[in-house]
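**Student:** Below is the structure I would like to discuss, written out as structure tokens.
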Amino acid sequence: MASQQSCHEPLWLAGLPTGAHAKLQTMSSPRNRPHPSPWHGRRVIIAGGTSGFGLVLARHLLKAGASVLLVGRSADGVRRALERLPEPLAGSKSLGTAADLARPGEGGRVVGEALDRLGGVDDLFFSVGRSGRARILDTSADQLASFLDANLRTAVELTTAAAEDVARAGGHMVYIGSLAGKLVTPLMGPYAVAKSALAAYVDAVRLEMAPRGAHVLLVSPGPIRREAADDDAAFDRYADEVSAAGLPAEANRPGAGAPLKRLDPDRLAEQVLEACRRRASELVVPRKVAWLAGLVEWFPDWGRRLLARFTPPPTTAP
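Using this note's numbering, you'd call the opening residue of the sequence shown number 7 and step up by one each time.
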């Protein structure tokens with residue numbers, strides 16, 4: 007006599023071959039169902055999200071189920087960036103807006119637009135800035151101010167405007183700085199000053215946001231490999247200023263000649279999102295250089311002598 011169907015067996019399994027029962031029951035078990043991404047349903051502003059590493063971050067966040075608002079300087083750049091993104095998952099959106107975040111009022115407008123179009127702001131990613139090649143003693147106050155405008159001023163109003171919503175969501179504020187803000191090397195002085203200022207600003211933001219439940223992360227990467235489709239003509243984009251300033255040819259290389267391999271942007275994006283999961287305060291990449299940054303901080307004289315062995319000398323102008 008055939009055994010009776012177990013009272014615990016779903017009716018929809020009846021009639022299937024015996025081997026299929028266990029397989030389907032295993033797949034339908036809550037333990038084996040895919041867990042939603044922690045980014046699923048999050049509403050994220052990505053400043054600087056229309057090119058370079060910001061666009062890579064946008065791609066990863068979209069694939070994880072977030073809705074994103076890309077912020078770029080030009081409407082045309084925003085349009086092209088949106089065309090390069092994958093289709094959002096069901097219920098998610100990929101939107102964009104043009105803004106010059108160094109101009110008063112633009113940061114607040116961007117946050118207001120995110121509230122209107124995304125329905126809220128849970129997280130903020132900041133990947134805005136400009137690099138450059140120059141000797142610090144050849145840099146005027148106005149020139150230095152332009153570096154600070156591009157790398158620090160652009161963050162301030164946007165951060166202030168988004169802070170309340172991010173805190174309410176227990177969200178993330180992620181700032182893409184630079185290894186130059188940790189280790190000052192020749193021929194990148196003005197950029198290092200600006201990124202060091204951004205790092206101090208992020209530390210101050212963290213002190214005020216952490217008690218409110220928000221996570222603040224500073225990412226300090228070395229040179230990042232750019233995608234071929236980026237607007238920046240990658241490798242020689244500093245050629246004119248290097249030539250005009252009479253700098254050595256190696257200043258045009260990534261890291262101004264420092265022996266650093268360019269980072270894989272997709273791998274870096276994964277590391278950033280993992281650092282968010284851990285709610286880490288800082289991520290220095292490549293990690294093999296992080297120890298050198300710590301050495302310079304704790305043993306400055308010895309650390310700087312060691313750093314000088316791996317970086318080009320600040321040769322004088324001809």
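Where a beta carbon is used, it is the ideal one built from N, C-alpha and C, also for glycine.
#1: In three-state terms, what does DSSP make of F153?
#2: On a CA-only basis, which of S287, R283, R285 and A314 is nearest L298? Give me that one, please.
#3: Can you list, in chain order, the residues of its chain with a C-beta nearer than 8 Å to that of S9? Leave out the 5 residues immediately preceding and following it.
#4: Could you spell out the range, first to last residue, of the beta strand (DSSP E) harbouring M179?
#5: Evaluate contact between the stretch 129-137 and the stretch 42-55, counting only Cβ atoms and requiring at least three cross-stretch pairs below 8 Å.
#6: Using the Cβ count rule (16 or more neighbours within 10 Å means buried), how would you classify A81?
#7: Starting from A186, follow the beta strand (DSSP E) in both directions and report where the run begins and ends.
#8: Opposite V211 in the DSSP bridges: which residues?
#9: Counting C-beta neighbours from all protein chains within 10 Å, is the total for E214 16 or more, i.e. buried, or is it exposed?
#10: Give the DSSP-derived three-state secondary structure of T145 in the structure shown.
#11: Less than 8 Å between the CB atoms is what I'm expecting for S98 and L68, so what's the real figure, rounded?
#12: Can you list, in chain order, the residues of its chain with a C-beta nearer than 7 Å to that of S35? Leave out the 5 residues immediately preceding and following it.
#13: Identify, in the order they occur along the chain, each residue of the same chain with its Cβ nearer than 7 Å to the Cβ of A168, setting aside the five sequence neighbours on each side.
#14: Give the straight-line distance between the Cα atoms of I142 and P227, rounded to the nearest whole angstrom.
#15: With hydrogens ignored, establish whether the beta-carbon of R90 is closer than 8 Å to any heavy atom of the ligand NAP.
#16: Is G58 helix, strand or coil by DSSP?
#17: For F305, which three-state DSSP category applies?
#18: For a quick check, are the C-beta atoms of G138 and M179 less than 9 Å apart?
#19: Within the continuous beta strand (DSSP E) that includes P227, where are the two ends?
#20: In this structure, does DSSP put R315 in helix, strand or coil?
#21: Assuming R115 is part of the alpha helix (DSSP H), what are its boundary residues?
#22: Return the CA-CA distance between E280 and G71, expressed in angstroms with no decimal places.
#23: Quick one: grab the DSSP three-state call for L63.
#24: Report the rounded CA-to-CA distance for A275 versus L185, giving the unit in angstroms.
#25: Let me check understanding here. Comparing Cα to Cα, which of T160, A206, D106 and D272 lies closest to R232?
#26: By alpha-carbon positions, which one of P229, R159, T145 and A203 ends up nearest to V3?
#27: The alpha helix (DSSP H) that contains E288, what's its start and end?
#28: Identify which residue in A64, H221, G177 and L154 has its Cα closest to the Cα of A286.
#29: If you draw a straight line from the C-alpha of E112 to the C-alpha of D155, how long is it?
#30: How many Å lie between D307 and V190 at the Cα?
#31: Could you tell me whether the Cβ atoms of L107 and L88 are closer together than 9 Å?
#32: Just grab the DSSP bridge partners of G102 for me.
**Tutor:** Taking the definition as stated:
#1: helix
#2: A314
#3: Because S9 carries a pLDDT of 45, less than 50, the predicted location of this residue cannot be relied on, and the following value inherits that uncertainty. So the list is empty, once near-sequence residues are dropped.
#4: H178 to I182
#5: yes
#6: exposed
#7: A186 -> no beta strand (DSSP E), and no H or E assigned at all.
#8: Answer is none; V211 lacks a bridge partner.
#9: exposed
#10: coil
#11: 7 Å
#12: Since pLDDT at S35 reaches only 46, below the 50 mark, its modelled position is unreliable, and no value is offered.
#13: I51, V117, V127 and L130
#14: 22 Å
#15: Looking at this structure, you won't find the ligand NAP or any other ligand, since it has none at all.
#16: helix
#17: coil
#18: no
#19: H221 to P227
#20: coil
#21: E112 to L124
#22: 15 Å
#23: helix
#24: 16 Å
#25: D272
#26: The question about residue 3 has no answer, for the chain in this structure spans 7 to 324.
#27: It is not in any alpha helix (DSSP H) - E288 instead sits in the beta strand (DSSP E) that spans E288 to V291.
#28: H221
#29: 14 Å
#30: 13 Å
#31: no
#32: L76
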